[in-house]
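Heads up: the structure comes next, in structure tokens.
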Amino acid sequence: MHTIKSLFLAMGVLALVACGSSNDDNSTSTSGSSASNVNANIPTASMKYIGDLEFPKVKGGNSIIISHLDGDSLNYSIEWDTEKKSNRWSCYKMYWSNRLSRTKRYSDSPQYPSDSDMNSSYQYSVDNDPFGKTGYDHGHLCPSADRLNSANSNYQTFYLTNMQPQAHSFNDGIWSDMENLIRSWITVNSSHSDTLYVCKGGTIDKSTDIFTTTSKGLLVPRYYFSAVLMKNSSGYKAIGFWFDQTVSASKQGTLASHVVNIDTLEEKTGIDFFCNLPDDTEEHVESLAVENILRAWKLN
């Protein structure tokens with residue numbers, strides 16, 4: 030693997046980092062690179078997937094990592110703060126075969142089940158759904174529509190631990206627009222070597238970034254974010270989105286107006302995204318100027 034500092038395009042300069050040989054559907058191996066990686070996650074027996082590219086640097090402390098499997102395949106993972114009883118982020122991969130539509134949206138009762146892979150003392154119970162009567166939507170972080178490849182994968186996206194409270198106008202507006210855009214970047218017709226790595230969440234770590242706390246103790250983030258990394262035949266490219274959900278729908282503007290580079294997203298959230306990339310690759314894809322990001326992702 031090596032770094033291409035710039036590719037000259039007709040519309041300007043675009044920085045991409047070249048990949049090595051194609052990987053299979055969900056391979057995240059960076060083996061073969063001699064580049065250093067001082068901030069990589071170190072997998073353990075209980076957190077064996079945290080070396081995959083969609084993972085940010087894990088926080089530790091009161092936070093735990095839960096990875097949900099569909100058979101032998103990793104569906105998505107979350108970082109959960111056991112003290113705050115809140116999701117910090119959900120992360121997952123998208124590639125052609127998990128974009129196949131084989132099932133319908135889960136709609137049985139309970140609509141939002143407890144997380145069967147998490148200690149019950151760390152989470153809210155179905156009988157005490159903290160979203161109830163708050164006026165906030167159950168905002169998916171790993172969306173149901175991203176997991177229609179199997180009934181079990183879709184069901185798991187409805188776990189309460191994959192939810193953050195979102196104003197309906199935000200959830201059904203600019204956030205939904207972003208989800209649809211991301212889905213358009215990987216389809217069943219995409220190259221079998223293309224992979225999208227996604228991490229989404231709401232801000233729960235700084236008091237100034239929390240809009241309110243409900244009577245049941247549910248934190249309501251003021252800000253929401255999405256960090257996306259694409260691996261394809263051209264190399265790697267990354268894009269960030271940053272939203273204030275308290276802004277009215279009529280003033281949210283276009284998706285392009287919410288684009289930031291990953292360096293900026295890390296400053297805003299305190300989260301080290303895509304830490305498992307080699308350091309030189311990470312530095313280049315995360316520091317690209319916004320105008321070049323918009324060009325790279327065809328948003329201008």
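My numbering puts the sequence shown at residues 30 to 329. For every residue, glycine included, the Cβ atom is placed at its ideal position computed from N, Cα and C.
Query raised in the report: Between which two residues does the alpha helix (DSSP H) harbouring Gln185 extend?
Result: For the purposes of this step, residue 185 is identified with residue 156 of the sequence shown, where counting begins at 1. Segment Ala180 to Gln185, the alpha helix (DSSP H) holding Gln185.
Report task. Using a threshold of 7 Å, state whether the C-beta atoms of Asn209 and Asn127 are closer than that. Result -> By one-based count along the sequence shown, residue 209 stands at place 180. By one-based count along the sequence shown, residue 127 stands at place 98. Their beta carbons are not under 7 Å apart, which means Asn209 does not touch Asn127 by this criterion.
Query raised in the report: Using 8 Å as the threshold, is the stretch 134 to 152 in touch with the stretch 204 to 221, meaning 3 or more CB pairs across them?
Result: In this structure the stretch 134 to 152 does not touch the stretch 204 to 221; the number of beta carbon pairs closer than 8 Å is below three.
**Report entry** Asn70 versus Phe160: straight-line alpha-carbon distance, rounded
**Finding:** Here residue 70 corresponds to residue number 41 of the sequence shown, with the count starting at 1. Here residue 160 corresponds to residue number 131 of the sequence shown, with the count starting at 1. Approximately 33 Å between the Cα atoms of the pair.
Requested in this report: Starting from the Cα of Trp204, find the closest Cα among Lys77, Asp301, His287 and Asp101 and give me that residue.
Outcome: In the sequence shown, the residue the question calls residue 204 occupies position 175. Measuring from the Cα of Trp204, the nearest candidate turns out to be His287.
Query raised in the report: Relative to the alpha-carbon of Thr232, which residue among Glu108, Arg117 and Pro72 has its alpha-carbon at the smallest distance?
Result: Working through the sequence shown from its first residue, we reach residue 232 at position 203. It is Arg117 whose Cα lies nearest to the Cα of Thr232.
Query raised in the report: Just to confirm, are Leu98 and Asn305 a CB contact at a threshold of 7 Å?
Result: Residue numbering aside, residue 98 sits at position 69 when the sequence shown is read from its first letter. Residue numbering aside, residue 305 sits at position 276 when the sequence shown is read from its first letter. Not closer than 7 Å, so no.
Requested in this report: Output the boundary residues of the alpha helix (DSSP H) element that contains Val249.
Outcome: Here the question's residue 249 lines up with position 220 in the sequence shown. Premise fails: Val249 lies in the beta strand (DSSP E), Leu248 to Pro250, not in any alpha helix (DSSP H).
Requested in this report: Find out if the Cβ-Cβ distance for the pair Tyr135, Tyr121 is shorter than 7 Å.
Outcome: Locating residue 135 in the sequence shown gives position 106, where the first residue counts as 1. Locating residue 121 in the sequence shown gives position 92, where the first residue counts as 1. Against a cut-off of 7 Å, the Cβ pair of Tyr121 and Tyr135 comes out as no contact.
Requested in this report: Could you check the C-alpha separation between Phe346 and Thr163 for me, to the nearest Å?
Outcome: With the chain covering 30 to 329 only, the question about residue 346 has no answer from this structure.
Query - Extent of the continuous beta strand (DSSP E) to which Thr293 belongs - result: As a first step, residue 293 is located in the sequence shown; it is residue number 264 there, counting from the start. Membership of Thr293 in any beta strand (DSSP E) is not indicated; the residue belongs instead to the alpha helix (DSSP H) covering Ile291 to Thr298.
Query raised in the report: Excluding the five sequence neighbours on either side, which residues of its own chain have a C-beta within less than 6 Å of the C-beta of Ala196, listed in chain order?
Result: The residue labelled residue 196 in the question sits at position 167 within the sequence shown. Short of 6 Å from the beta carbon of Ala196, and not among the five residues preceding or following it, lie these beta carbons of its own chain, in chain order: Gln274.
Query raised in the report: Below 7 Å between beta carbons: does that hold for Asn191 and Ser119?
Result: Counting from one through the sequence shown, the residue named residue 191 turns up at place 162. Counting from one through the sequence shown, the residue named residue 119 turns up at place 90. The answer is yes: Cβ separation under 7 Å.
Query raised in the report: Do you know how far the Cα of Asn148 is from the Cα of Val155?
Result: Taking the first residue of the sequence shown as position 1, residue 155 is located at position 126. Taking the first residue of the sequence shown as position 1, residue 148 is located at position 119. Straight across, the Cα-Cα distance linking Val155 with Asn148 is about 14 Å.
Query raised in the report: Hey, is the stretch 82 to 92 in contact with the stretch 250 to 268, meaning 3+ C-beta pairs nearer than 8 Å?
Result: As far as the Cβ criterion goes, the stretch 82 to 92 touches the stretch 250 to 268, which means the pair count is three or higher.
Requested in this report: Spell out the partners DSSP gives Cys228 in its beta bridges.
Outcome: The count along the sequence shown starts at 1 and reaches residue 228 at position 199. Looking at the DSSP assignment, Cys228 forms a beta bridge with Cys120 and Ala256.
Report task. Compare the C-alpha of Tyr151 against each of Trp326, Leu247 and Ser277 and name the closest. Result -> Within the sequence shown, residue 151 is the residue found at index 122, counting from 1. Out of Trp326, Leu247 and Ser277, Leu247 has the C-alpha closest to the C-alpha of Tyr151.
Query raised in the report: If we count the other Cβ atoms within 10 Å of its Cβ and call it buried at 16 or more, is Leu317 buried or exposed?
Result: As a working mapping, residue 317 is identified with position 288 in the sequence shown. Per the 10 Å Cβ criterion, buried.
**Report entry** Cβ neighbour criterion (16 or more within 10 Å) applied to Val67
**Finding:** Position 38 of the sequence shown, counting from 1, holds the residue named residue 67. With a threshold of 16 other beta carbon atoms within 10 Å, Val67 falls short and is exposed.
**Report entry** Buried versus exposed call for Asn290 [16 or more other C-beta atoms within 10 Å across all chains shown]
**Finding:** Along the sequence shown, one-based indexing puts residue 290 at 261. So Asn290 ends up on the buried side.
**Report entry** Contiguous beta strand (DSSP E) assignments of at least 3 residues, all confined to the stretch 191 to 217
**Finding:** Fully enclosed beta strand (DSSP E) runs of no fewer than 3 residues occupy 192 to 196 of the stretch 191 to 217, in order along the chain.
Query raised in the report: Between which two residues does the beta strand (DSSP E) containing His167 stretch?
Result: One-based indexing of the sequence shown puts residue 167 at position 138. Its beta strand (DSSP E) spans residues Tyr165 to His169.
Requested in this report: Could you work out which residue in Glu312, Trp125 and Phe272 is closest to Ser65 when comparing CA atoms only?
Outcome: Within the sequence shown, residue 65 is the residue found at index 36, counting from 1. Per the Cα distances, Glu312.
**Report entry** Check whether Asp234 and Gly168 have beta carbons under 7 Å apart
**Finding:** On the sequence shown, residue 234 is found 205 positions in, with the first residue counted as 1. On the sequence shown, residue 168 is found 139 positions in, with the first residue counted as 1. Judged by their CB atoms, Asp234 and Gly168 are not nearer to each other than the 7 Å cut-off.
Query raised in the report: When DSSP builds the beta bridges, which residues end up paired with Asn261?
Result: Along the sequence shown, one-based indexing puts residue 261 at 232. Asn261 is bridged to Gly264.
Query raised in the report: Taking Lys327 as the reference, which of Ser75, Ala267 and Glu296 has the closest Cα?
Result: What you label residue 327 is simply residue 298 of the sequence shown in a count that begins at 1. The option with the nearest alpha carbon to Lys327 is Ala267.
Requested in this report: Consult DSSP for Ile71 and reduce its assignment to one of helix, strand or coil.
Outcome: By one-based count along the sequence shown, residue 71 stands at place 42. DSSP places Ile71 in coil when its eight states are reduced to three.
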